[in-house]
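What follows is a single structure, written as structure tokens, with notes after it.
In my numbering, the protein residues as written are 168 to 640.
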């Protein structure tokens, strides 16, 4: 990325994630990050995972304000947001209840019932994905069953990024990348599926218009820490935004290590994986984004480190332990009722070896889906894996991925790739390039290349043997 800001045009890219909102002010010509802001979110604990959408809106305003003069100079803004979350609004656009987040697994029975009703193959062919507990359709089904009065009062149903985009630009819109994770947008026809909506009791009039790549979502009005008239891009889901931020091309795989773990690649073929391992999401650029997601990644490993009273980097090699850190249930593999499983303890097992085993289990779940993701284009790639997300900055995460994959790994220097992808989407409104072309021009994927380590087949075998025990619970 460039090193000098100059006096050129400025755009804002937003990453509204599970835990916080981050905003980058970016120079359109060079890709230089001129300023950044961040504000935290509050997520409920206990059986569910919920956040009041007003928390996101307050955090967005606060984070924009932290960019100072660049907020007033910005000519366009775009929001990349956490996927799947269910936002239910009244006629005035106010939340009727806290949003049900992607990692709220209370909707697992509803997801299972939807799959059983039609069969996995029907879902894969019609929608590109087999719904899991994270999918918005399952969350709406949960709401109608457990809080029917709230569902009946709904005047609008949105995804998290839709909610923020509408607050910014005034239009009820979404994009194909984010809507493809709902379970009610048919990827084959690229339309809302009226039959499925009728089945789950959701009026299509409550849903936003789906914008295509490059379409505007409105302009900013007065009363915000932005110049009135600032263009608002369509925005997209967080993984689709990160793919834009990397300028990702077919055949290159990404492992993202954050609250959730994801592995994905862009494709020109529409995925239809009836096993449910690969979600056939749409890409924000008009193609496809086959993706597998795990619920338990950096937070789960950090929890294990805290329980052991270790720093997250205090891992030790060796030992006989296998640890599947499915602390929140798991999405890939689809085990929503699972919990953490630790096997192979011996008298000489050290705390550091247990922590390393937690890293191994989290990475194993992601790598198990990698070949499925790349096979969508029938051309598995041996290119270095792109490692992104907060975990990519940790030595233990980096070494674990190299050791269990046996592949080279590249870590982009650019941080906050979701926000950078959103910024590229905003910049494309001004330059009329594709967002991926903007990101390639900015050089966002450039970074250190780490050679492969010998693959640890013994650790992989231990984890493979432990998986049936977790599934049998």
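Using N, Cα and C, we set each Cβ at its ideal position, and we do this for glycine too. Here the structure is a predicted model, which is why all the values come from computation and not from measurement.
**Q.** As assigned by DSSP and simplified to three states, the class of residue 599
**A.** coil
Q. Is it a yes or a no for the stretch 511 to 518 touching the stretch 535 to 554, going by three-plus beta-carbon pairs under 8 Å?
A. no
Q) What residues are listed by DSSP as bridge partners for residue 325? A) 254
Q: Taking residue 584 as the reference, give the member of 627, 612, 537 and 463 with the closest Cα.
A: 612
Q) By DSSP, does residue 341 sit in helix, in strand, or in coil? A) strand
Q: Name the two residues that bound the continuous alpha helix (DSSP H) containing residue 182.
A: Looking at the DSSP string, residue 182 is not in any alpha helix (DSSP H); the run it does join, the beta strand (DSSP E), is 177 to 183.
Q) Using the rule of at least 16 other Cβ atoms within 10 Å of the residue's Cβ for burial, across every protein chain shown, is residue 442 buried or exposed? A) exposed
Q.
Quick check on the DSSP output: the alpha helix (DSSP H) that includes residue 526 runs from which residue to which?
A. 518 to 541
Q. According to DSSP, which residues form a beta bridge with residue 617?
A. 576
Q | Classification of residue 151 by the beta-carbon crowding that lies within 10 angstroms, buried from 16 upward | A | Any question about residue 151 goes unanswered here, given that the chain covers just 168 to 640.
Q) For residue 431, which residues does DSSP report across the bridge? A) 421 and 458
Q | Of the listed residues 320, 329 and 636, nearest to residue 220 (C-alpha basis) | A | 329
Q: With DSSP collapsed to three states, give me the class of residue 471.
A: helix
Q | Entirely enclosed alpha helix (DSSP H) segments - the stretch 329 to 411, minimum 4 residues | A | 343 to 346 and 361 to 367
Q | CA nearest to the CA of residue 301, picked from 308, 256 and 271 | A | 271
Q) Taking buried to mean at least 16 other C-beta atoms within 10 Å of its own C-beta, is residue 212 buried or exposed? A) exposed
Q) So residue 187 is in the beta strand (DSSP E); what residue range does that whole segment cover? A) 187 to 194
Q. To the nearest angstrom, how far is it from the Cα of residue 567 to the Cα of residue 361?
A. 45 Å
Q. Between residue 537 and the rest of its own chain, which residues show a CB-CB distance below 7 Å, the 5 nearest in sequence each way excluded?
A. 420 and 430
Q.
Classify residue 624: buried if its beta carbon has 16 or more other beta carbons within 10 angstroms, exposed otherwise.
A. exposed
Q | Burial state of residue 388 (16 or more Cβ within 10 Å) | A | exposed
Q. Under 7 Å, do residue 438 and residue 467 count as touching if we go by C-beta distance?
A. no
Q) Apart from the five residues on each side of it in sequence, which residues of its chain come closer than 6 Å, Cβ to Cβ, to residue 382? A) 401
(Q) Looking only at its chain, what residues have a beta carbon closer than 8 Å to the beta carbon of residue 260, apart from the 5 residues adjacent to it on each side? (A) 323, 333 and 334
**Q.** Meets three-Cβ-pair contact criterion under 8 Å: the stretch 468 to 479 and the stretch 279 to 295
**A.** no
Q. In three-state terms, what does DSSP make of residue 638?
A. helix
Q.
Looking at the secondary structure, which residues open and close the beta strand (DSSP E) in which residue 205 lies?
A. 200 to 207
**Q.** Length of the line joining the Cα atoms of residue 510 and residue 530
**A.** 17 Å
Q: In the DSSP assignment, find the alpha helix (DSSP H) that holds residue 232 and state where it starts and stops.
A: 220 to 232
Q) Using the C-alpha atoms, what's the distance from residue 254 back to residue 602? A) 27 Å
Q.
My output table needs one value for residue 438: the three-state DSSP class, helix, strand or coil.
A. coil
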